[in-house]
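Counting in numbering that gives the first Met the number 0, the sequence shown runs without a single skipped number right up to 256 at its last residue.
Backbone N, C-alpha and C fix where the C-beta goes; we use that ideal spot for every residue, glycine too.
Reviewing the structure listed below.
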Amino acid sequence: MLGTMHLRLTLAGVLLSTALFAYSQPGQPTFEVASVRPSAQTVGPDYNNQVSWTPARFTAKNVTLKRLIEDAWQIQLNQIVGPSWLDRNEYDIEARFPGEPTREQRALMLQSLLAERFALKEHRETRAMRVYQLTVAKGGPKFKPDSGEQSHAGAGFHFHGEMRQFADLLAVQFSIPAPTRPDEPVRAGGPLIPVLDKTGLQGTYDFSVDIHPELGTDSFAAWQRALNEQLGLRIESRKGNVEVRAVDDAAKIPTAN
Numbered sequence: 000m001l002g003t004m005h006l007r008l009t010l011a012g013v014l015l016s017t018a019l020f021a022y023s024q025p026g027q028p029t030f031e032v033a034s035v036r037p038s039a040q041t042v043g044p045d046y047n048n049q050v051s052w053t054p055a056r057f058t059a060k061n062v063t064l065k066r067l068i069e070d071a072w073q074i075q076l077n078q079i080v081g082p083s084w085l086d087r088n089e090y091d092i093e094a095r096f097p098g099e100p101t102r103e104q105r106a107l108m109l110q111s112l113l114a115e116r117f118a119l120k121e122h123r124e125t126r127a128m129r130v131y132q133l134t135v136a137k138g139g140p141k142f143k144p145d146s147g148e149q150s151h152a153g154a155g156f157h158f159h160g161e162m163r164q165f166a167d168l169l170a171v172q173f174s175i176p177a178p179t180r181p182d183e184p185v186r187a188g189g190p191l192i193p194v195l196d197k198t199g200l201q202g203t204y205d206f207s208v209d210i211h212p213e214l215g216t217d218s219f220a221a222w223q224r225a226l227n228e229q230l231g232l233r234i235e236s237r238k239g240n241v242e243v244r245a246v247d248d249a250a251k252i253p254t255a256n
């Protein structure tokens with residue numbers, strides 16, 4: 000009997016150790032604590048998706064699930080396909096990191112959060128589509144990583160963030176049609192074409208681009224010239240295989256905190 004009990008206890012200890020080992024396996028980290036709630040008041044696509052990453056916390060106000068998927072898999076919004084509510088329902092999230100995770104670990108934590116709290120089920124697809132590729136020009140970039148000091152960015156279009164975020168911003172800028180009248184502002188409204196960050200530049204950057212829209216000249220042509228002359232970057236249009244995340248199922252109401 001004692002031998003049987005000892006065997007059972009030993010097996011239990013092995014199973015517990017295995018479970019703890021599996022939980023601590025690298026590649027699937029989780030937030031230390033997280034609060035996820037539907038937003039008390041929706042604000043709409045012109046103002047939502049306020050996301051902040053700090054060394055200690057992840058905060059999102061009026062954020063859509065589509066935007067959360069974008070950050071979790073480091074892709075652009077037009078690389079996510081699924082039901083229309085993904086880009087309509089809004090949520091507030093407060094989450095705390097354990098220790099000091101890397102950028103990749105933070106993304107994995109967000110993936111784990113979406114699977115646990117939204118029961119997100121998705122799969123990866125590769126689709127051939129027209130894309131823009133952002134690369135470094137032959138002479139190298141004409142800007143440096145943000146030093147953390149007070150910004151001295153010049154006049155014009157100011158940017159602060161990672162190059163993937165800059166690529167996302169360019170996708171929106173390229174959808175702005177050519178102005179036809181100098182007294183009428185134009186807005187983004189054309190089809191969003193993915194801009195793939197192929198610069199290989201890591202870290203956070205702070206710079207300005209002096210853009211002057213010209214009558215009859217589309218936004219892509221204006222940006223193409225400015226990127227090359229002012230930032231030492233190249234943008235090219237081509238056909239390419241693009242990763243797409245297809246959402247199979249997700250809950251509109253996240254599980255309770």
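Can you check which of these residues, Gly-81, Phe-30 and Ile-74, is closest to Ala-249 by C-alpha distance?
Gly-81
task = Closer than 7 Å by C-beta to Ala-21: which residues in its own chain qualify, once you throw out the five before and the five after it? Chain order, please.
result = Note that Ala-21 scores 31 on pLDDT, short of 50, meaning its location in the model is unreliable; the coordinates nonetheless yield the value given after this. Cβ neighbours of Ala-21 beyond the five flanking positions: none.
For Gln-75, which of helix, strand or coil comes out of DSSP?
coil
Quiz item: When the Cα of Ile-252 is compared with those of Ser-38, Ile-210, Ala-225 and Arg-233, which residue comes out closest?
Solution: Ser-38
Terminal residues of the continuous beta strand (DSSP E) containing Ser-236?
232-248
*asked:* Within 10 Å of its beta-carbon, does Asn-256 have 16 or more other beta-carbons around it, so buried, or fewer, so exposed?
replied: exposed
Pairwise C-alpha distance: Leu-230 and Lys-137: 12 Å
For this session: Return the Cβ separation of Leu-107 and Gln-27 in integer angstroms, given the expectation that the two are a contact with Cβ distance under 8 Å.
Result: 6 Å
Going residue by residue through the stretch 194-225, where are the continuous alpha helix (DSSP H) segments of at least 4 residues, counting only ones entirely within it?
218-225
Where Gln-40 and Lys-141 are concerned, what is the direct C-alpha to C-alpha distance, given to the nearest angstrom? 43 Å
Classify Pro-193 as buried or exposed, calling it buried when 16 or more other Cβ atoms lie within 10 Å of its own Cβ. buried
Can we say the stretch 67-74 touches the stretch 91-109, given the rule of at least three CB pairs closer than 8 Å?
yes
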